[in-house]
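K.L.:
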Amino acid sequence: MSEQEKNTLWKLKKKDTGKIYEKIPFSSLKAWVLEARVFPEDFVMNPLSNNWVKAEEIQELNELFFPEGRGGDLLTVKGMAFPWKSQEIEPAEIDFTPMIDMTFLLLIFFISTATFTMHEIKNIQVPKAAVTQKFKEEKLAVTIDKNKRICLGKNEIQLSSLKKALMDEVNKTREQDIILAADHSLDYGFIVSVLDEINGAGIKNVKLKIEKLDKK
Numbered sequence: 001m002s003e004q005e006k007n008t009l010w011k012l013k014k015k016d017t018g019k020i021y022e023k024i025p026f027s028s029l030k031a032w033v034l035e036a037r038v039f040p041e042d043f044v045m046n047p048l049s050n051n052w053v054k055a056e057e058i059q060e061l062n063e064l065f066f067p068e069g070r071g072g073d074l075l076t077v078k079g080m081a082f083p084w085k086s087q088e089i090e091p092a093e094i095d096f097t098p099m100i101d102m103t104f105l106l107l108i109f110f111i112s113t114a115t116f117t118m119h120e121i122k123n124i125q126v127p128k129a130a131v132t133q134k135f136k137e138e139k140l141a142v143t144i145d146k147n148k149r150i151c152l153g154k155n156e157i158q159l160s161s162l163k164k165a166l167m168d169e170v171n172k173t174r175e176q177d178i179i180l181a182a183d184h185s186l187d188y189g190f191i192v193s194v195l196d197e198i199n200g201a202g203i204k205n206v207k208l209k210i211e212k213l214d215k216k
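Following the working numbering, the numbering of the sequence shown begins with 1 at its first residue and continues without gaps.
#1: Quick one: residues in its chain with C-beta nearer than 8 Å to the C-beta of Leu9, no 5 flanking neighbours on either side, listed in chain order?
#2: Quickly, what does DSSP pair Asn155 with across the bridge? List them, please.
#3: Which residue from Ile203, Asn199, Phe39 and Lys30 puts its Cα closest to that of Lys13?
#4: What did DSSP end up calling Glu35 once you bin it into helix, strand or coil?
#5: Going by CA-CA distance only, name the one from Asn147, Phe190, Ala182 and Ile203 that's closest to Ala165.
#6: Return the CA-CA distance between Asn51 and Glu93, expressed in angstroms with no decimal places.
#7: Considering only the alpha carbon of each residue, which of Ile179, Thr17, Arg149 and Glu197 lies closest to Leu186?
#8: For Phe190, I'd like the list of residues in its chain whose CB is within less than 7 Å of its CB, leaving aside the five on either flank, ordered along the chain.
#9: Pro98 by DSSP, collapsed to three states: which one?
#10: So is Phe104 buried or exposed if we call it buried at 16+ other beta carbons inside 10 Å?
#11: So if DSSP puts Asn199 in a beta bridge, which residue, or which two residues, is it bridged to?
#12: What does the alpha-carbon distance come out to for the pair Asp42 and Asp95?
#13: Nearest-angstrom Cα distance between Met99 and Leu106?
#14: Between which two residues does the alpha helix (DSSP H) harbouring Leu186 extend?
#15: Quick one: is Asn155 buried, meaning 16 or more other Cβ sit within 10 Å of its Cβ, or exposed?
#16: What is the C-beta distance between Lys11 and Val44, in whole angstroms, given that I count them as a contact (C-beta under 8 Å)?
#17: Closest to Val206 by CA distance: which of Lys139, Gln158, Glu56 and Lys19 is it?
#18: Put Ala92 into one of helix, strand or coil per three-state DSSP.
#19: Would you kindly work out how many angstroms separate the C-alpha atoms of Lys146 and Ser160, rounded to a whole number?
#20: Using alpha carbons as the reference points, say which of Ile58, Ile111 and Phe65 lies closest to Glu35.
#21: I'd like the span of the beta strand (DSSP E) that includes Leu48, first residue to last.
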């Protein structure tokens with residue numbers, strides 16, 4: 001065998017399982033013979049020849065299988081009982097722990113920096129139905145009918161324009177109170193939207209107009 005063949009990487013095919021092992025240095029192949037991991041009936045291949053041959057047909061390996069042929073005292077492979085141990089490559093495992101930690105950190109960051117909008121109407125004075133109070137006619141008044149039409153005083157106005165109109169009225173009259181009269185059939189969400197506009201105009205004192213209950 002030439003030095004070039006010895007310096008190349010060999011292949012090994014087990015006869016009993018048919019499994020192929022590649023890129024084996026020739027020195028490792030010889031060591032496996034001595035360890036009884038390669039048997040004479042197994043097949044080997046040199047890339048230069050590209051042919052499978054029995055391991056015992058390679059002279060350098062044959063001398064290790066049958067040392068008595070050259071007068072040696074080495075133990076033969078047949079007399080050894082070491083089982084074949086294949087060199088399996090364990091699949092790589094991905095550690096998801098850092099990824100989970102990063103996900104929780106991002107979640108905490110977004111929760112702590114999020115801005116939550118809450119409807120907060122301050123100083124709403126709602127008299128009880130059994131006790132009513134008469135308001136002066138000159139006070140600011142916002143009325144809403146069952147069709148959600150909004151009027152500031154006697155003038156109909158859109159919800160989007162209510163805030164600016166109220167600010168103009170407050171600047172002219174310096175009035176800080178307002179009377180809100182809404183139809184009882186209106187939904188709560190629409191009333192909250194109107195109250196938001198009133199509060200945004202700087203009016204903090206909102207009085208709800210109701211009818212006095214008839215005592216029986």
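Glycine included, every Cβ here is placed at the ideal spot set by N, Cα and C.
P.N.:
Looking at the atomic coordinates:
#1: Counting from 1 along the sequence shown, the entry for residue 9 is found at position 9. Here the set comprises Glu22, Lys23, Ile24, Pro25 and Pro47.
#2: Translated into positions along the sequence shown, residue 155 becomes position 155. Answer is Leu152, bridged to Asn155.
#3: Residue 13 sits at position 13 when you count from the first residue of the sequence shown. Of the candidates Ile203, Asn199, Phe39 and Lys30, the one whose C-alpha sits nearest the C-alpha of Lys13 is Phe39.
#4: Looking up residue 35 in the sequence shown gives position 35. Note: Glu35 maps to coil in three-state DSSP.
#5: Position 165 of the sequence shown holds residue 165. Considering only alpha carbons, the answer is Ile203.
#6: The residue given as residue 51 occupies position 51 in the sequence shown. The residue given as residue 93 occupies position 93 in the sequence shown. One C-alpha to the other measures close to 37 Å.
#7: Taking the first residue of the sequence shown as position 1, residue 186 is located at position 186. Comparing Cα-Cα distances from Leu186 to each of Ile179, Thr17, Arg149 and Glu197, the minimum goes to Arg149.
#8: On the sequence shown, position 190 is the one that residue 190 refers to. Same-chain partners within the cutoff: Lys148.
#9: Here residue 98 corresponds to residue number 98 of the sequence shown, with the count starting at 1. Three-state DSSP puts Pro98 in a helix.
#10: Walking along the sequence shown from the start, residue 104 turns up at place 104. Its Cβ having fewer than 16 others within 10 Å, Phe104 is exposed.
#11: Residue 199 sits at position 199 when you count from the first residue of the sequence shown. Answer is none; Asn199 lacks a bridge partner.
#12: The sequence position of residue 42 within the sequence shown is 42, counting from 1. The sequence position of residue 95 within the sequence shown is 95, counting from 1. The alpha-carbon atoms of Asp42 and Asp95 are separated by roughly 40 Å.
#13: Taking the sequence shown and counting its residues from 1, one reaches residue 99 at position 99. Taking the sequence shown and counting its residues from 1, one reaches residue 106 at position 106. So the alpha carbons of these two residues sit roughly 11 Å apart.
#14: Walking along the sequence shown from the start, residue 186 turns up at place 186. No alpha helix (DSSP H) holds Leu186; DSSP gives it neither H nor E.
#15: As a first step, residue 155 is located in the sequence shown; it is residue number 155 there, counting from the start. So Asn155 ends up on the exposed side.
#16: For the purposes of this step, residue 11 is taken as the residue at position 11 of the sequence shown. For the purposes of this step, residue 44 is taken as the residue at position 44 of the sequence shown. Going by Cβ atoms, the distance from Lys11 to Val44 rounds to 7 Å, so yes, they are a contact pair.
#17: Sequence index remark: in the sequence shown, residue 206 carries index 206 (1-based). Considering only alpha carbons, the answer is Lys139.
#18: Counted from its first residue, the sequence shown places residue 92 at position 92. Note: Ala92 maps to coil in three-state DSSP.
#19: Translated into the one-based positions of the sequence shown, residue 146 becomes position 146. Translated into the one-based positions of the sequence shown, residue 160 becomes position 160. Between Lys146 and Ser160, the C-alpha separation is close to 18 Å.
#20: As a first step, residue 35 must be located in the sequence shown, where it is residue number 35. Comparing Cα-Cα distances from Glu35 to each of Ile58, Ile111 and Phe65, the minimum goes to Phe65.
#21: Translated into the one-based positions of the sequence shown, residue 48 becomes position 48. No beta strand (DSSP E) holds Leu48; DSSP gives it neither H nor E.
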